[in-house]
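By the working numbering, the letter at position 7 of the sequence shown is numbered 5, and the numbering carries on one by one without gaps.
We treat Cβ as the ideally placed atom computed from N, Cα and C, and that holds for glycine.
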Amino acid sequence: MKKENLTELIEFVLLDFADVPHLRWLLFGLFSVIYIAIVMSNGIIFLITKLDPALHVPMYYFLGNFSFLEICYVSVTLPRMLMNLWTQRRTISLVACATQMCCILVLGATECFLLTVMAYDRYVAICNPLHYPLVMNHKICIQLVAGSWISGIPVQIGQTFQIFSLSFCGSNLIDHFFCDIPPILKLACGDTSVIAMLFVALPFVLILVSYSKIISTILKLPTARGRAKAFSTCSSHLLVVFLFFGSATITYLRPKSNHSAGTDRLLSLFYTTVTPMFNPLIYSLRNKDVTAIIYLNNFFNLHTCIC
């Protein structure tokens, strides 16, 4: 494009649900309830894992951090969307938009790493139960969690800078409810193929490797009851992995020609709102069983109580 056709943008306009103004208050009420439910449910899990001595084990240490992460994750997007629905002021500055995207990318990378760490925890518990207390000691757990929170920061800051260093072709209308990568790249000129989501693919491969070994070990257990119990306690984590990585992969890695505003918004709502809302329910379904097994086996028969 000619240089005079390029506009130096200082702000964007988030259209979010501007195409359905008659549903404005219904959407505001719905997402307010969803936001409160996500914060309260994940907050309860976080507090329980910290206050209940029976849950001071690596699996629940990771789960507590995961619940806190979900609160942070949803707080980056939903409050802004609720404010837009309430005030109908949809403008967001370039700096605020870049900050929001950077926070989403950093927290998304942290979620990828935490899910990988949780898969590794189950791998060690199932495949090397006798070495579990040594391998997953408190110091190692802290290091794994700290690494999950910190590792993605420099890369995602760099990726955000790369995206917002692009030239934008006049329009400042973002057909989305937050500053996500696909709708921002639609406004950019030139080649955007260099933008990649490496922090989605690599953790997912590591999780697949961990669970291939876990499943192989479970199938070798002598009793059907033991195999069923091991599979049931692994299923919640697998379901969360499927929900998060499935929606994120479709959103960021599908061909650019298949992108549409409606599909992007739906998928983004799924992994930024629906998944954090269902994660506490998915994990709480097994709390009683796991706690009972921890008490009965005194945390030494880890191949049956933690996978």
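Nearest to residue i by CA position, among the options, is which residue?
| i | options | result |
| --- | --- | --- |
| I155 | L113, L171, C100 | C100 |
| V93 | L21, E9, I32 | E9 |
| S163 | I216, A96, Y121, V153 | A96 |
| D14 | R225, L80, A144, S146 | L80 |
| L76 | I216, I34, H54 | I34 |
| H54 | H136, L267, L264, A228 | H136 |
Using a threshold of 8 Å, state whether the C-beta atoms of residue i and residue j are closer than that.
| i | j | result |
| --- | --- | --- |
| F242 | Y269 | yes |
| G62 | I43 | yes |
| P180 | T249 | yes |
| C139 | P56 | yes |
| L113 | V238 | yes |
| L12 | H174 | yes |
| F111 | G150 | yes |
| I32 | T271 | yes |
| P274 | Y121 | no |
| N40 | S65 | yes |
| I216 | A228 | yes |
| S146 | V115 | yes |
| L105 | L49 | no |
For residue i, count neighbouring Cβ atoms within 10 angstroms of its own Cβ and tell me buried if that reaches 16, exposed if not.
| i | result |
| --- | --- |
| A107 | buried |
| S214 | exposed |
| T89 | exposed |
| Q160 | exposed |
| N296 | Low per-residue confidence applies at N296: pLDDT is 39, beneath 50, and the placement is therefore not dependable, though the value from the model is reported in the following sentence. N296 should be labelled exposed. |
| C232 | buried |
| M38 | exposed |
| C187 | exposed |
| T221 | exposed |
| V192 | The predicted model places V192 with a pLDDT of 49, which falls under 50 and marks its position as unreliable, so this point remains unresolved. |
| D262 | buried |
| A226 | exposed |
Using 8 Å for Cβ pairs, my map puts residue i next to residue j. What's the rounded Cβ distance?
| i | j | result |
| --- | --- | --- |
| C125 | K211 | 6 Å |
| H235 | A117 | 7 Å |
| L103 | Q141 | So it is not a contact: roughly 23 Å between Cβ atoms. |
| F60 | D119 | 6 Å |
| L265 | S245 | 5 Å |
Which ranges does the alpha helix (DSSP H) cover as unbroken runs of at least 4 residues, wholly within the stretch 71 to 97, from first to last along the chain? none
Which ranges would you report for the alpha helix (DSSP H) in the stretch 97 to 158 if only whole runs of at least 4 residues count? Runs found: 130 to 133, 136 to 148.
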